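Trainee: Below is the structure I would like to discuss, written out as structure tokens.
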Amino acid sequence: MSQIDRERAEKSARLRNIGYSYIFLLPYLILLAMFGIIPISYAFGLSFIDTIDYVFYGVKNYDFVFADFRIMRSLTNVLTFVVFWVTLTVLGVVTLSLMLDNIGKRIAGTLRTLYFLPGAVSSSALVVLWIFVLDPAVSPFQGIMHFFGWETLADTVFTIGMPAVFMLMAFFTGAGGWIVVFGGALSGISTEVVEAARVDGANRAQLALRIKLPLIWRSVILMGILSFATGMQIFVEPQLMSMARGPFTMPDWSLNQMAYQYAFQMGDFGASAALSTLLVAFSISIALVVVFKTKFYNIS
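Here's what the structure looks like:
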């Protein structure tokens, strides 16, 4: 085969591989368009419409959102929760994953399964379960709660703090899934690299912090980005807590609750779309900053 024929064959193979790649991507791109791009674009367009009279409204919906005194309070609540939750999730999941990677595979696999089980239950059911756990009247930990002087659900929740309560709910819901993901990432580390570090005298802590953790940093960044995006959309936890017995009337605790109020209690879908668009734009902007600052997609 001549050099020209060889180059043609290689080019044809590359084009074929690219074509196969697009074929495999097509189902995801279709779903992304249906449930991501199109809804966001529709909401963005709706945010400039007066949905009561259905006339062009300019940026008045955005002015209305920014003028609502509850927005800043809701934003503060959500950001406080997100900072606590992302910090706990990153530290907790990384620590547990590295520890599990140092024990027997069978035991580690069993523990990962146990950690994952809470995430298999819907978040609404877990919130109800947590309400019972936090209520000194019915909690299995009521002895400890009475020791601290907590007699009602309100005593427990207000002492711990609402963001901290939601942080614990969210952590035990989502941490198990990420521990499974990190288990896969750690299993992909070359055994030769680990053995070479052991030969050089590295102990388990040094292996975890200096060898394994730097090799899975992209998984850590991905977890942080997705946890941040999920946390900014918190809705189920405060909404269901509002229905619990006690002084928990907080229909505007989170930004998503505010958007829900605008749409389904005030009938102002334009304002709801404006707030939703701002929330999406903020989350995407933070994610892009993290991605580019960490050079997440660079292959070195």
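Straight run, no breaks: the sequence shown in the numbering used here ends on number 1442. Here a beta-carbon is modelled for each residue, glycine too, at the ideal position from N, C-alpha and C. None of the values given here were measured: they were computed from a predicted structure.
(1) When you compare the stretch 1236-1253 with the stretch 1294-1309, are there three or more beta-carbon pairs, one atom per stretch, that lie closer than 8 angstroms?
(2) Which residues does DSSP list as the beta-bridge partners of Ile1191?
(3) For the alpha helix (DSSP H) that contains Gln1399, what are its first and last residues?
(4) Quick check on the burial criterion: 16 or more other C-beta atoms within 10 angstroms. Buried or exposed for Pro1278?
(5) Taking 9 angstroms as the cut-off, decide whether the C-beta atoms of Val1207 and Ser1369 are in contact.
(6) Among residues of its own chain, excluding the 5 on either side of Ile1353, which ones have a beta-carbon nearer than 6 angstroms to its beta-carbon?
(7) By a C-beta neighbour count over all protein chains shown, 10 Å radius and 16 as the cutoff for buried, is Met1454 buried or exposed?
(8) Run through DSSP, which three-state label would Gly1330 get?
(9) Helix, strand or coil: which one does DSSP assign to Met1385?
(10) If Met1374 and Ser1384 are in contact, beta carbons under 8 angstroms, what's the gap, nearest whole angstrom?
(11) For Arg1254 and Tyr1184, I'd like the C-alpha separation in whole angstroms.
(12) So, is Trp1359 buried or exposed, given that buried needs 16 or more other C-beta atoms within 10 angstroms?
(13) Span of the alpha helix (DSSP H) holding Arg1248?
(14) Let me know if Ala1155 comes out buried or exposed under the rule of 16 or more other beta-carbons within 10 Å of its beta-carbon.
(15) Could you say which of Ser1264, Val1335, Thr1333 and Ile1363 lies nearest to Phe1434 if we only look at CA atoms?
(16) Cα separation between Val1224 and Leu1157?
(17) So with Cβ pairs under 9 angstroms, would you call Ala1262 a contact of chain D?
(18) Shortest alpha-carbon distance to Val1269 belongs to which of Phe1377, Ala1429, Ser1414 and Val1432?
(19) Grab me the residues of Leu1230's own chain with a C-beta within less than 7 angstroms of its C-beta, minus the 5 sequence neighbours each way, in chain order.
(20) Quick check on DSSP: helix, strand or coil for Tyr1162?
(21) Does the pairing of the stretch 1196-1203 with the stretch 1280-1296 give three or more beta-carbon distances under 8 angstroms?
(22) Are Gly1412 and Ser1216 touching if we call contact CB-CB under 9 angstroms?
(23) Span of the alpha helix (DSSP H) holding Lys1435?
(24) My assumption, with CB atoms under 8 angstroms, is that Val1220 sits in contact with Ala1317. Please give the rounded CB distance.
(25) Just the C-alpha distance for Val1197 and Ala1416, rounded to the nearest angstrom, thanks.
(26) What do you get for Val1228, buried or exposed, if any count of 16 or more other CB atoms within 10 angstroms of its CB means buried?
(27) Using DSSP with H/G/I as helix, E/B as strand and the rest coil, what is Glu1293?
(28) My guess is that Trp1395 and Met1365 are in contact by the Cβ rule of under 8 angstroms, so how many angstroms apart are they, rounded?
Mentor: According to the data block:
(1) no
(2) Its beta-bridge partners are Phe1198.
(3) Leu1397 to Phe1406
(4) buried
(5) No, they are not a contact pair.
(6) Counting only Cβ-Cβ distances below 6 angstroms, and skipping sequence neighbours, we find Ala1339.
(7) As displayed, the chain neither begins before 1143 nor continues past 1442, which places residue 1454 out of reach and without an answer.
(8) coil
(9) coil
(10) Not really, about 19 angstroms apart at Cβ, beyond 8 angstroms.
(11) 40 angstroms
(12) exposed
(13) Unbroken alpha helix (DSSP H) run through Arg1248: Lys1247 to Phe1258.
(14) Residue environment analysis places Ala1155 among the exposed positions, since fewer than 16 neighbouring C-beta atoms fall within 10 angstroms of its C-beta.
(15) It is Ile1363 whose Cα lies nearest to the Cα of Phe1434.
(16) 44 angstroms
(17) Absent here is chain D; the protein component of the structure consists of one chain.
(18) Phe1377
(19) Met1309 and Phe1313
(20) helix
(21) no
(22) no
(23) Phe1411 to Lys1435
(24) Not a contact, Cβ separation roughly 20 angstroms.
(25) Whole-angstrom Cα-Cα distance: 15 angstroms.
(26) buried
(27) coil
(28) Actually they are not in contact, since the Cβ atoms of Trp1395 and Met1365 sit about 25 angstroms apart, beyond 8 angstroms.
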